[in-house]
Amino acid sequence: MDPLIGMGALALMGAAATIAGASEDLESDIGSQSNPNSQVQLAPQMSYPHRIYNKAISGEPPSNALMCAIGGTVAYVMLNFNLSAVLALTIGSLVAAMVHGTYATTAYMGRCSSQKRFKQMVYLDVLRSHTPPIMGYSFITTFTILVVSYIMVTVFAHPFPLPLLAFIWGITVGAIGSSTGDVHYGAEREFQDEEFGSGLNTANSGKIVRKAESGLRSSMDNSWFCAKFGGPVTGIAFGMTVFLSSWITVVFDPAKSVAAGWESVIVGTLIILVLVVYNRKMEVGARKAFGPYKEDKEEAA
């Protein structure tokens, strides 16, 4: 393969993955999916009814895996009928978004109506205003994941079929969104009245902040907040994962020789070590800038 073509394809994959990570995180923020959702679900039982969209079909990894696998399967079938790649990927993503929107609607209606005894209302205006953006973010995430998978199949001749690659990347982007993006929503948005680094006391579970910058808070306010940092950080994390993992095998192609395979392993290990050290330095820097944490104060005393 021409190195320029390979690096160009890698750049496109990295850009698409960055968009996928950001849109996946913002979709989960609007729908209160994954980690923060436990607090949204618990809030009415703690006498804190709210206007936040409460869907959480499942955790983000299986939800996105299903979504991307549906889109990949539809696109795969259409590609076998000799449709253009752009049209096939677009229709596949649209079908996935419609299925995701259906699950989101039934989940919201079911969860809120089941909490009637705790005075939790079913807000139809929230359902009407939030479900289309959820479907829109779902479409963007699925489409960009399918772009990454399609490039891997056509340019890099990956042995896995398109639906399986979409399934794997769907799990990956969901896991990264759950571990990276949710921290800047659940910890910083729902509990703004808590001291930084103090953690969440069990007695405060469900006591989410319900007032937004203007009026009562909805999930749109959460998305606006997360679009500033949580979404972009998730996009960068997923984009780096896709780009670096593919870059290693393109530059040090294991198919060429055994030596090249070991070189790819060594380079990958070095990248991980560098990221671990850098992450540790960032954590220590945050502690010094915003700490000390409560347990540190108690130990010092």
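When we follow the working numbering, the leftmost residue of the sequence shown carries the number 29, and every step to the right adds one. Ideal Cβ placement from N, Cα and C applies to all residues, glycine included.
Under the DSSP assignment, Tyr-104 falls in the alpha helix (DSSP H) whose first and last residues are 88-108. In this model, Gly-120 and Gly-198 are separated by some 14 Å (Cα to Cα). Residues of the same chain with a CB within less than 6 Å of the CB of Ser-51, apart from the 5 flanking positions on each side, are Tyr-165, Ile-168, Thr-169 in chain order. Between the beta-carbon of Gln-61 and that of Ser-91 there is about 7 Å, and that keeps the pair under the 8 Å contact cut. The C-alpha of Ser-285 is placed about 43 Å away from the C-alpha of Ser-56.
Straight-line spacing of the CA atoms in Ile-179 and Met-41 works out to 7 Å.
Proximity to Tyr-104 across Ser-251, Phe-195, Ser-292 peaks at Phe-195, based on C-alpha coordinates.
Taking 4 residues as the minimum length, the alpha helix (DSSP H) runs contained wholly in the segment 142-216 are 152-182, 190-204, in order along the chain.
If you look at Asn-65, you'll find it in the alpha helix (DSSP H) that goes 65-70. For Ser-56, the three-state secondary structure derived from DSSP is helix. The alpha carbon of Gly-36 has as its nearest neighbour, out of Lys-147, Glu-241, Val-183, the alpha carbon of Val-183.
Selection Val-201, Phe-318, Leu-155, Arg-156 evaluated against Ser-177 yields Val-201 as nearest (Cα-Cα).
Exposure of Leu-244 is indicated by the presence of fewer than 16 other C-beta atoms within 10 angstroms of its C-beta. Ser-273 counts as exposed, since fewer than 16 other beta carbons sit within 10 angstroms of its beta carbon.
For Arg-139, the three-state secondary structure derived from DSSP is helix. Ranked by Cα distance from Thr-172, the options Ala-45, Thr-208, Met-163 are led by Ala-45.
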